[in-house]
Structure formats: C-alpha cells, structure tokens
Amino acid sequence: MKRFSCGALRAANDGTGAELCGWVHRRRDHGGLIFIDLRDRDGITQIVFDPQHAAFSDAEHLRSEDVLRVRGRVRKRPAGTENTRLATGDVELAVEELEILNRSQVPPFQVNLEENPEESLRLEYRYLDLRRPRMQRNLTIRHRIIKAMRDFFDEREFIEIETPMLIKGTPEGARDYLVPSRLYPGTFYALPQSPQLLKQICMIAGFGRYMQIARCMRDEDLRSDRQPEFTQLDVEMSFCSQEEVLDVMESCMRFVWKRVLSLELAPFPRMAFADAMERFGTDKPDVRFGLELARVGDLFASTEFAVFKSVLESGGEVVGVRYPGGAALSRREFDALVDDAKQSGAKGMVWVALGADGVKSSAQRFIGEAQADPIAQRLRAERGDALLLFADERDAVFTVAGKMRSEIARRCGLRRDDDFAFCWVTDFPYLEIDAETGKPVPAHHPFTAPMEGEWDLIERDPLRMRAQHYDMVLNGYELGSGSIRIHKPELQRRIFEMLGMSREQVEEQFGFFVRALDYGAPPHGGMALGIDRIAMIACGEENLHEVIAFPKTQTARDLMMDAPAPASEKQLRDLHLLPSQRSQRG
RNA sequence: GGCGCUGUAGCUCAGUUGGUUAGAGCGCCGCCCUGUCACGGCGGAGGUCGUGGGUUCGAGCCCCAUCAGCGUCGCCA
7 MKRFSCGALR
17 AANDGTGAEL
27 CGWVHRRRDH
37 GGLIFIDLRD
47 RDGITQIVFD
57 PQHAAFSDAE
67 HLRSEDVLRV
77 RGRVRKRPAG
87 TENTRLATGD
97 VELAVEELEI
107 LNRSQVPPFQ
117 VNLEENPEES
127 LRLEYRYLDL
137 RRPRMQRNLT
147 IRHRIIKAMR
157 DFFDEREFIE
167 IETPMLIKGT
177 PEGARDYLVP
187 SRLYPGTFYA
197 LPQSPQLLKQ
207 ICMIAGFGRY
217 MQIARCMRDE
227 DLRSDRQPEF
237 TQLDVEMSFC
247 SQEEVLDVME
257 SCMRFVWKRV
267 LSLELAPFPR
277 MAFADAMERF
287 GTDKPDVRFG
297 LELARVGDLF
307 ASTEFAVFKS
317 VLESGGEVVG
327 VRYPGGAALS
337 RREFDALVDD
347 AKQSGAKGMV
357 WVALGADGVK
367 SSAQRFIGEA
377 QADPIAQRLR
387 AERGDALLLF
397 ADERDAVFTV
407 AGKMRSEIAR
417 RCGLRRDDDF
427 AFCWVTDFPY
437 LEIDAETGKP
447 VPAHHPFTAP
457 MEGEWDLIER
467 DPLRMRAQHY
477 DMVLNGYELG
487 SGSIRIHKPE
497 LQRRIFEMLG
507 MSREQVEEQF
517 GFFVRALDYG
527 APPHGGMALG
537 IDRIAMIACG
547 EENLHEVIAF
557 PKTQTARDLM
567 MDAPAPASEK
577 QLRDLHLLPS
587 QRSQRG
C-alpha cells in the first residue's frame, strides 16, 4: 500500500488504498463517528473512523500529538462536506487499520493554534513549537532560499569551500567566542566572526570563485534581528570589479526571489552613502515608500525663531519630513509625537499642520501660511498633511529625521511585509571617528580597498577617503556588506600604518595574511549576506526566532538545552582553567 | 551596562479608587452524540497572582529589590 504525505491526496486519488503517517492535529469525536486531522510537514488530511472497523475502539482514545500510522481507502467526501480551506479538503481517508506509533503527553501548549505562546515556553519546548505549520513553513522557505543560492552559484562555477570553526581571534571588531586549547595551556581558539581572511586566502590560493553557507559567531548583545550565531552567504571572486560583484549578488537575489517566492524583482536602485544619509537619514534606507527628507534651513535664513536661528548660525541644518494626513492629529497627538522624536534623539520637533482651514504650528508665531508654503513644496506635501521639522548639527539632524520618517511610515501603513524593496548603498567613507576615543577607525574592516584615485588621501586627508565598499539593503534592514579588497601588500601596510598599528601588532594579528599577500595575490572582492535576515523578511516575520530552528534568548541562552552550563572539574582541569590535580597536591 | 513593556489556571488573557469565595475562552478529565472540520451538549477538576521584602485593618492591584522573556540605546571593525 502506497504511503502518501498528509498534504498529498486529491480527488484523483478517490478509491485508492493509502497509508498516512503523522500527528493528531485535532480530533472531532461524534460518538458514532470520529474525525482526526492528521498532520505532517506537508499538510493535513482528515481521516475518518467508523464503528464497522476494529480500529474504532482504539481511535476513541486518541489525543493531540499522538503519532499514528493509518491504512485505508481514499474517498471523496460526501457532497457539501468538502473543506475548501484544506488542500486535501475534497477527500478523506476511511481508516481500516490504525497503528499507534507513540503516545504524547498533553502538550504544555496547543500545537494546533495560530497564536504564539510566550517566547520562553516556545523555546523550552522548541520541538513542539517547530511542529506548528507556521514554523514548518518558515524553515522550509529558509531551506529553499539556501538551496537556490547554492544552485545559483554552482551554475556560475563558484565552488563551496568550508573554512574552519576553530581559528585565530582578532582583538578588533566584535567580541570573540573563545575555545580553550587543551594541548597548549593558556591559549585559545576563536570561533569565526566571519570567514573574511580565509576566503581572501582562498582567492590567493587560486580558487577564483568561492562561496560558502557560513556559520558565524559574535559575542555581542542580541536584538530581534541579531543572534550570536548566524548564517551568511559568503562570496568572494578574483579579477573582478565592484560592478561585477554587485551584478552577481543582485542576480542571486533575483534568482532566489523568483524561485522561492515567484516574484520578479526590479533592478535595485543605488545611492551613495552621502545621498542615503541626506535623503533617508540612514545608511540602510527603507525604500518601500517615499517621504524623503529635505533640507529647509535656507528657507529660515532670516527667521527670528531662536531655536532654528541659533542652530543655523552654528553651522547646523533644519530638515523636514512629510507626514501624510498628519494635519488631522490633535495637539495631544502631536505632543506625543514630539516625545517620540526626543526618544529618538531629537532636541525638539516643530510640527506644521496643513489643515483645510489654515496652517497650525507648534511655532505659530514664526511659521504661518507664507512660511509653510515653500517648505510644503519642497517636501511635496499637500493640504491635510503635516510637516515635521528638526534642527540640529548636520550629522545628527538627518539621523533623527530619518527615524521619524520610519515611524510615520509605520503609522501610515506604508511598511507592508509583502513588499520587497532592495537597494544598494555605495561609496562609504573609509574611516569614521570612534565616539569613545575620538580617533579614526575603519568604518568596516581594514582589508577594504580605498576608492581608486583616492589613495593619496591616506597621508593627506584620510577622513575624506572613501572605500570600495557596498551594502545591500532590504526594507530598511542591512542584509550585508562587501568590498573590493586590498591585494597589494604595500597598500595594506600603508593602511595599517594609517590606523596606527605598529609593525609588531600587524605581524602578531595578521602576519599570516600579510605574508600571503606577498605571494601573488590576485585582485579580488566579494560580499556576505545575512541569510537569517533574508529568510525573516521573505517569510514576513519580524524576529529571527521565527526562521531559526533553535535560537537563543536575548540573554544568549538556549532554554531547551539549558546552555550555557557549567563544565565538570575534570574538563576544566584538562583545559587548564583550574589547577591540575598534580600541581594542587604539589 | 542604561531605559521601557510583560509576568494571574496547562495555554491565551480579563481583573474597576486597595475590600466578601480571583474570572473567561481554549486545553484537560467524565458522560452523551454518525458528517464534523475552532464539531456540538451536559458535568467536573485545576490558582503559593514570577520570587523576596515592605506599606496597610486589608495587596493580584501601591512601594522597593530580584529573576525571566521581549523591545530599545550602548555594543555589533
């Protein structure tokens, strides 16, 4: 007798014998007739027990999450009792043979409900949580995404190379997860934050086109879009231009979206970092909607409004953003919006409501009909909209306005999760000023090549230098970064020098890599994309937990396994983290 | 490390200005039911109100501390 999955049977199977295996999703016991919805990864099929068959008496004792094997005959449901909400809803299996493969305890939460139980409960009983159709669907989509990526790169003659998990740590960047060495007391491996240097060495080794579905670890605090271990699509190519990398990565995403979601993606818009900051106030702009920021400081050149005046005189800027339909807000609602803005780092916020009956503003004395008009024009605002204005130093003001732009979009329902707006951000500055030390540090990593023709800035004016670095952004999430790398050893040394690293420091941390550059490193570049985030957005989810089988809590714990956990004394001694027995006695 | 939200039955939640015996839906248990699909009907069990302290004649509710989950800032070259 043929075994079918629980999502497979159709009217065409009417009359055939079939075997199904799965879990009891739901039971409907009518006394003289018992319906069970049997569930597996593929779907749900209704199976029916009637009293003529011996199985009926056992079926009376079936409960949620029991595991069954049933054999019987597929039959069309009686006219009028089809279930259009099930793919298998035209048929049912009339059970003749029931085998109870395993019983289940009453589960701590109902697997057959859509609503999420509390997060910690889901994580503790992850095997039950993962049985829910939503999670089965999400992890299946994730699998298809990864499969599509591998197929895409395989067709283009990239090869997947596995890089080690036990590597050398770097003091720069994120905190490393360390693994103590047993054979070398007092020394540690680090788990990779990314295979960056190893994939570059694969280029030096002549592999030309590399990819890897790479696991990465960073011991930093978590967020809804950040886990301590994550998976990235890691790509590196030799003899390529930035243009070729952008093209292959964009093509890959187009291929994935087409294959997995059956959607055609338009060409990704591109913008320079500086433009992204001006237009959107962030280097990861959400371009699902417009509402672009605009400078309006020049319109207040002769204002008497003290707040704007003083900011403008000290070299700051006034930036506006449009709030569609915002004129309908009450004074109280505007006040709350001002609080939101302050929460986002604003010094304050001026609102201008373009009401049908005239202009109202929180700076009424200074912004009337005449002043509001040109601002509205620049922000492409109409009657019924509101304008939000922010004044601050040049860097800060765009960031704040950008956060409020995003908040406005949320309120106006412009952030649809079935809308996928990719874009590229390019031409990043090479350096940024470290907030703590005030010293210049690489905005990304020190193996990034400076923009062609700007190398002389290394000595002359390093802060103005730009990097051959690019980010792919989707719906306001940074999916990942890439760059053209430095392949000339002398340029790499000049960069380390600019960063204030001594010859000894370079040798100790990156000696193996700098040496490799000396033996004929080809020009190369690449990119890494966060697969967890891609899967999250593709699934319409807002938390990585929904697309990772066994995620960690915000405090980096695994509630199912209860990790991390203490190690035994013997383990600690072996790893030289406790004095050995012998030296204790001695 | 900072800030915020949440924590009440197995689950999801309600619980009034602090006042009698803390409720609902689902689940669970028992009985009934031959066309349901969130089946239906009748009955029942089930609670240290996260934990510890305090205020009060009296605390699920107010205060302090603490734990956990989530969100957010710092952090994530």
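Using the working numbering, the letters of the first sequence correspond one by one to residues 7 to 592. The beta carbon of each residue, even a glycine, is placed where N, CA and C say it ideally should be. Since we're looking at a predicted model, the values are computed, not measured.
- Using a 10 angstroms sphere on the CB of residue 67, the tally of other CB atoms stays under 16, which defines it as exposed.
- Residue 318 sits away from residue 408, with the two beta carbons spaced by 8 Å or more.
- The beta carbon of residue 62 is closer than 6 Å to those of 55 in its chain, skipping five residues each way along the sequence.
- The stretch 569-583 and the stretch 235-245 do not touch, with fewer than three beta-carbon pairs separated by less than 8 Å.
- Under the three-state reduction of DSSP output, residue 216 falls in the strand class.
- Beyond the five residues adjoining it in sequence on each side, residue 504 comes within less than 7 Å, by CB distance, of 464 and 468 in the same chain, given in chain order.
- Within the same chain, and ignoring the five residues on either side of residue 366 in sequence, the residues whose Cβ sits closer than 6 Å to its Cβ are 359.
- Beta-bridge partners of residue 116 (DSSP): none assigned.
- The three-state reading of DSSP puts residue 499 in helix, counting H, G and I together.
- Contiguous beta strand (DSSP E) elements confined to the stretch 482-560 occur at 483-490 and 530-536, taking only those with 3 or more residues.
- A buried status is given to residue 198, since no fewer than 16 other beta-carbon atoms sit within 10 Å of its beta-carbon.
- By the Cβ test, the stretch 166-181 is not in contact with the stretch 134-147, since fewer than three Cβ pairs between them sit closer than 8 Å.
- Only residues of its own chain outside the window of five on either side were considered, and among them 522 and 527 have a CB closer than 6 Å to the CB of residue 210, listed in chain order.
- Here residue 517 is exposed: its Cβ has fewer than 16 other Cβ atoms, across all protein chains shown, within 10 Å.
- Rounded to the nearest angstrom, the gap between the Cα atoms of residue 460 and residue 418 is 43 Å.
- If you ignore the 5 residues before and after residue 173, its C-beta comes within less than 8 Å of the C-beta of 195, 196, 197, 198 and 204, all in its own chain and listed in chain order.
- Judged by DSSP secondary structure, residue 108 falls within the beta strand (DSSP E) whose first and last residues are 97-108.
- If you look at residue 133, you'll find it in the alpha helix (DSSP H) that goes 132-135.
- In the three-state reduction of the DSSP assignment, residue 461 falls in the coil class.
- Across the structure, residue 51 and residue 135 are spaced so that their CA atoms are roughly 20 Å apart.
- Taking a C-beta distance under 8 Å as the contact criterion, residue 392 and residue 333 qualify as a contact pair.
- Of the candidates 560, 541 and 562, the residue whose Cα lies closest to the Cα of residue 149 is 541.
- Taking the Cα positions, residue 98 is about 34 Å away from residue 129.
- When secondary structure is reduced to three states using DSSP, residue 233 falls in the coil class, being assigned neither helix nor strand.
- The alpha-carbon of residue 284 is positioned some 6 Å away from that of residue 404.
- Residue 544 and residue 154 have their C-alpha atoms some 13 Å from each other.
- The alpha-carbon of residue 216 is positioned some 11 Å away from that of residue 534.
- When only Cα atoms are considered, residue 64 and residue 104 end up about 8 Å apart.
- The Cβ-Cβ distance between residue 144 and residue 553 falls below 8 Å.
- Between residue 133 and residue 111, the alpha-carbon positions lie close to 13 Å from each other.
- The Cβ atoms of residue 581 and residue 186 lie closer than 8 Å to each other.
- Annotation for residue 182: 175 and 196 place their beta carbon closer than 6 Å to its own, counting only its chain and skipping 5 residues before and after.
- Remark: C-beta atoms of residue 430 and residue 276 approach each other more closely than 8 Å.
- Among the bridge pairs identified by DSSP, residue 13 is matched with none.
- Look at residue 53 here: in three-state DSSP terms it is strand.
- Annotated as distal: residue 428 and residue 269, with beta-carbon spacing of 8 Å or more.
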